[in-house]
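Q: The working numbering puts the first residue of the sequence shown at 34, with every later residue one more than the last. Glycine included, C-beta positions come from ideal geometry on N, C-alpha and C. Since the model is a prediction, treat every value here as computed from it, not as a measurement.
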Amino acid sequence: MHLTNYNESFDAVVIGAGFSGLYMLYRLREAGFSTRVYEAADGVGGTWYWNRYPGARCDSESIYYNYTFSEELYREWTWSSRYPEQPEILRYLNFVADKFDLRPDIQFETRVNAAHYDEETKRWQIELNDGTSVSAKYFITGVGCLSASNLPKFNGLENFKGEWYHTGHWPHHKVDFTGKRVGIIGTGSSGVQAIPVIAREAEHLTVFQRTPQYSAPARNHPYDLEYIKRSKENFLEIKKQMRESQGGQPVEVPTKSALEVTSEERQQKFEEAWQTGGQGIFTSYYDITVDPKANETASEFIRSKIGEIVKKPEVAEKLKPTYYYGTKRPIIDTDYYETFNRDNVSLVDVRTNRIEEITDNGLQTTEAEYELDVLVFATGFDGMTGPLLKIDIRGKDGVSLKEKWKGGEDTRTYLGVANAGFPNFFMITGPESPSVLSNMPVSIEQHVEWIGDCIEYMRENNIDTIEAKVDAEEAWSKHCREVAEATLFTKTDSWYTGANIPGKPRRFLIYLGGGGAYRQKCAEIAANGYEGFSLE
Ligand code: N01
């Protein structure tokens, strides 16, 4: 493709109007760069626009799951509860868009099909799905890590006479389950949130489970006004702690091994975390995700809780996971295991009772046919690289990102933000950055600010292009893999490793060195004149 008739040209084009794109637009516009955001949806919100399934809510505490770049914004917005539901988070992002008057620079209902780097003009040529094209000096993706939904290829879906939905592309109208026989495939975070809510409405809910999951109670509750007032007063301290912390939340860093304490002490700690709700078990001891024996203590604690909660022993057994706890995203729930005590809920283990096909009337497994009126796919996403590879992104010599990453066999980036061979292209929370194993808004802000500073630096120093060097990229990618290999994360099949997508090469693409340390590293690289980059 060589586009010459640009409809418009900008300093920067950003894809996506979620947490990433909104702040990137604000940051660049404040610095005086002409910026256009393209967004496929008809509104802002990104993840929180699309994931409207019943029960969708955040699993980071709300007072930390927001922007901290503006104290005024932090003080103006008040969260209702510890883990607010999707509509409230979407309202927040709309509030941000209105407060900073972002909409005039966002073109909605527009997809970027392709972005090609033109070596002559040193600009990106960006092709949109309406047939027009624009050009930009800087091309920035804010496409998220989990926006390419995964609909597994089940034979016969086209014959199904009922309604079907994917949690990641939920319709905007209310889906009424009343009096209906509903089936749900998938028990990750989305399934675990949706199952209790659908079960309360449906005539019958059949849960098709491939891998049982560890989940802990969220113990969501409304915030009291005094707590909110204190958090606003302590804004600067909270912001500092979030930015310096390992995971983007002011959580006490565990200093003890699960194996150096007595079993009574450990049990008490896990029990306290269980009663408090949230991710406390995951952060209880420093070796939970690195030492199999330490991991087993937490895994067994949750399995024993499942045994206590679920009344039918054969159902409880099916619900007990065996993989290393925490190496798939630790889930927090409201009444998940309890839901399997309801008379209108049944559990099918599709590892032993395999799904053969979707039929006109429901779902056929190797053992039975389940008649269904509604089928819900809570089957997740092609994570990390999926959203980027949906776009035809080509750098120097017309090489595509897909080719550069060898179809996923050799995905490598510099800092998760840049790619050798792709000048002036930045990825917000790209592969090999802390992204999904940190509190996303914090990691997003760090990338946006780093990219914004970099672009300002280029303007001040009359630099046309910035491009990651091959050896710097190689070293970063190797470091990323070494850190991951020292943990149990790489030992489990999960979307973190790409194992959820048939045929996707297995590669762990999240930087596990900690958000605070990563932030420092990025700052040092910038302070040293963008070490590891060629600037021309
Ligand atoms: O997706 P998942 P998700 N046949 O990949 C099953 C974030 N998130 O949408 O485990 C049968 O975790 C699959 O089985 P298995 C969060 O980061 C956050 O739930 O692969 N089953 C699994 O059970 C999360 O981690 C929140 O064996 C099939 C399920 O589908 C990420 O998004 C809320 C199958 C997919 O689980 C993804 O979560 C929601 C097949 N062919 C999501 N293919 C918050 O709380 C897949 N499965 C903020």
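Nearest to Glu142 by CA position, among Gly565, Val450, Val77, Ala453, is which residue?
A: Checked all of Gly565, Val450, Val77, Ala453; the closest Cα to Glu142 is Val77.
Q: When every heavy atom of the ligand N01 is checked, does at least one fall within less than 6 Å of the C-beta of Leu179?
A: Yes, Cβ of Leu179 sits closer than 6 Å to a heavy atom of the ligand N01.
Q: Go to Asn146, then tell me how far its beta strand (DSSP E) extends in each direction, as first and last residue.
A: It spans 145-151 - the beta strand (DSSP E) in which Asn146 sits, taken as one unbroken run.
Q: Given a threshold of 16 other Cβ atoms within 10 Å of its Cβ, counted over all protein chains shown, does Tyr247 qualify as buried or as exposed?
A: With 16 or more other Cβ atoms within 10 Å, it is buried.
Q: Verify whether the separation of the beta carbon atoms of Val450 and Phe459 is less than 7 Å.
A: Yes. Within cutoff.
Q: Please determine, among Ser317, Leu352, Phe303, the residue with the shortest C-alpha to C-alpha distance to Phe334.
A: For Phe334, the nearest C-alpha among the options comes from Phe303.
Q: Measuring straight from C-alpha to C-alpha, what distance separates Gly549 and Thr399?
A: Computed Cα separation, rounded: 49 Å.
Q: Can you list, in chain order, the residues of its chain with a C-beta nearer than 8 Å to that of Lys289? Leave out the 5 residues immediately preceding and following it.
A: Same-chain partners within the cutoff: Tyr318, Tyr319.
Q: Report the residue from Asp430, Gly54, Asn40, Ser103 whose alpha carbon sits nearest the alpha carbon of Thr462.
A: Checked all of Asp430, Gly54, Asn40, Ser103; the closest Cα to Thr462 is Gly54.
Q: Contact between the region 88-95 and the region 213-229 is defined here as three or more beta-carbon pairs at a separation below 8 Å; is this criterion met?
A: Short answer: they touch.
Q: Nearer than 6 Å: is that true of the beta carbon of Pro120 relative to any heavy atom of the ligand N01?
A: Answer for Pro120: no, Cβ out of range of the ligand N01.
Q: Pick helix, strand or coil for Leu470, following the three-state DSSP scheme.
A: The answer is helix: DSSP assigns Leu470 an H, G or I state.
Q: Please classify Glu160: is it buried, with 16 or more other beta-carbons within 10 angstroms of its beta-carbon, or exposed?
A: Buried.
Q: In the DSSP output, which residue or residues are listed as bridge partners for Phe570?
A: No statement about residue 570 is possible, as the shown extent of the chain runs from 34 to 569 and does not include it.
Q: Between Asn533 and the ligand N01, is the CB less than 6 Å from at least one heavy atom?
A: Asn533: yes, Cβ under 6 Å from the ligand N01.
Q: At what residue ranges does the region 211-248 contain a whole run of the beta strand (DSSP E), taking only runs of 3 or more?
A: Correct list: 214-218, 237-242.
Q: Using the DSSP secondary-structure output, state which residues sit across from Glu402 in a beta bridge.
A: Glu402 pairs with Gln397.
Q: Per the contact definition of three or more C-beta pairs closer than 8 Å, is the region 377-393 in contact with the region 163-174?
A: The region 163-174 vs the region 377-393: no contact.
Q: Check whether the region 237-246 and the region 204-217 are in contact - that is, three or more C-beta pairs closer than 8 Å.
A: Yes: the two stretches touch, three or more of their Cβ pairs being nearer than 8 Å.
Q: Counting only runs that start and end within the region 35-87, where is the beta strand (DSSP E) found for 3 or more residues in a row?
A: Taking only runs of at least 3 residues, the beta strand (DSSP E) segments lying wholly in the region 35-87 are 41-48, 68-71.
Q: How many Å lie between Val381 and Glu259 at the Cα?
A: Val381 and Glu259: Cα-Cα distance of roughly 46 Å.
Q: Determine the direct distance from the alpha carbon of His149 to that of Met34, and round the result to whole angstroms.
A: Interpretation of Met34 is limited by its pLDDT of 40, a score under 50 that renders its predicted location unreliable; the figure taken from the coordinates is listed afterwards. So the two alpha carbons sit approximately 8 Å from each other.
Q: Can you name the residues that DSSP bridges to Met460?
A: Beta-bridge pairing links Met460 to Thr174.
Q: By the 10 Å Cβ neighbour count, where 16 or more other Cβ atoms means buried, how is Gln301 classified, buried or exposed?
A: Under this definition Gln301 is an exposed residue.
Q: Between the beta-carbon of Trp112 and the beta-carbon of Ser95, is there less than 7 Å?
A: In this structure, Ser95 lies closer than 7 Å to Trp112 by Cβ.
Q: Apart from the five residues on each side of it in sequence, which residues of its chain come closer than 7 Å, Cβ to Cβ, to Ala559?
A: Within the same chain, Ala559 has close Cβ partners Trp483, Asp486, Cys487.
Q: At a cut-off of 6 Å, would you count Asp92 as near the ligand N01, judging by its Cβ distance to the nearest heavy atom?
A: Yes, the ligand N01 has a heavy atom inside 6 Å of this Cβ.
Q: Please find out if some non-hydrogen atom of the ligand N01 comes closer than 6 Å to the beta-carbon of Ser290.
A: Incorrect: Ser290 has no Cβ contact closer than 6 Å to the ligand N01.
Q: Taking the beta strand (DSSP E) that Ile159 falls in, what are its first and last residues?
A: Its beta strand (DSSP E) spans residues 156-161.
Q: Considering Cα atoms alone, identify which of Thr360, Thr200, Asn386, Ile477 is closest to Tyr551.
A: Ranking Thr360, Thr200, Asn386, Ile477 by Cα distance to Tyr551 puts Ile477 first.
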